[in-house]
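Student:
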Amino acid sequence: MPHFELSAFLMTVHNLYLFDRDGVCLHYSEWHRKKQAGIPKEEEYKLMYGMLFSIRSFVSKMSPVDMKDGFLAFQTSRYKLHYYETPTGVKVVMNTDLGVGPIRDVLHHIYSGLYVELVVKNPLCPLGQTVQSELFRSRLDAYIRSLPFFSARAG
């Protein structure tokens, strides 16, 4: 089994999705995404939501105990997908490099501190539609860039 030092991984954020309970992509941002899916963004959103739906269903059916949190993350040989679902069914999904540990608190802050405060509580932002708020976008970007595992290095 090969031994990898954590410092060998470039820690960064690739992208972030916000989905509502019905699978509508409310917001998408990307930072250090090296490879595009090669399909229209709308198709990518549907594929991502479908995969999340399937994984959540699989995890809940296969768990030997009743899981309060259920599915939190998975990783491939190239990236780690972090998942947070709110009681209202909003799903926050962030893809990072492998070196990033659990970030449930980060995803919770994106939902409660940014999305709820700047979108849900804003009467000018219609719910259930793509977020058009420039304030939300700029605050989200600033927050992601302030994270200790966000790196501007493009290696």
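Just so you know, we're using full-length UniProt numbering here: the sequence shown kicks off at 1 and counts up by one. Note that beta-carbon positions come from the ideal geometry of N, C-alpha and C, so glycine has one too.
If you draw a straight line from the C-alpha of N95 to the C-alpha of Y84, how long is it?
Tutor: 12 Å
Student: Put A37 into one of helix, strand or coil per three-state DSSP.
Tutor: coil
Student: Which of the three DSSP states, helix, strand or coil, is assigned to M11?
Tutor: coil
Student: For the alpha helix (DSSP H) containing S146, name the first residue and the last one.
Tutor: 134 to 146
Student: Would a C-beta distance cut-off of 8 Å place K91 and L52 closer than the cut-off?
Tutor: yes
Student: In the DSSP assignment, the beta strand (DSSP E) including L81 goes from what residue to what residue?
Tutor: 80 to 85
Student: Kindly give me the distance between the Cβ atoms of S57 and D141, rounded to whole angstroms, as I take these residues to be in contact under 8 Å.
Tutor: No, S57 and D141 are not in contact; Cβ-Cβ is about 33 Å, not under 8 Å.
Student: Classify F136 as buried or exposed, calling it buried when 16 or more other Cβ atoms lie within 10 Å of its own Cβ.
Tutor: buried
Student: Taking only three categories from DSSP, how would you classify H109?
Tutor: Helix, per DSSP.
Student: DSSP on F74, reduced to helix/strand/coil?
Tutor: Shown here, F74 sits in a strand according to DSSP, grouped into three states.
Student: With H, G and I counted as helix, E and B as strand and the rest as coil, what does DSSP make of S57?
Tutor: Residue state, collapsed to three classes: helix.
Student: For Y49, collect the residues of the same chain with a Cβ closer than 7 Å to its Cβ; drop the 5 residues on either side in sequence, then sort them by chain order.
Tutor: F19, G23
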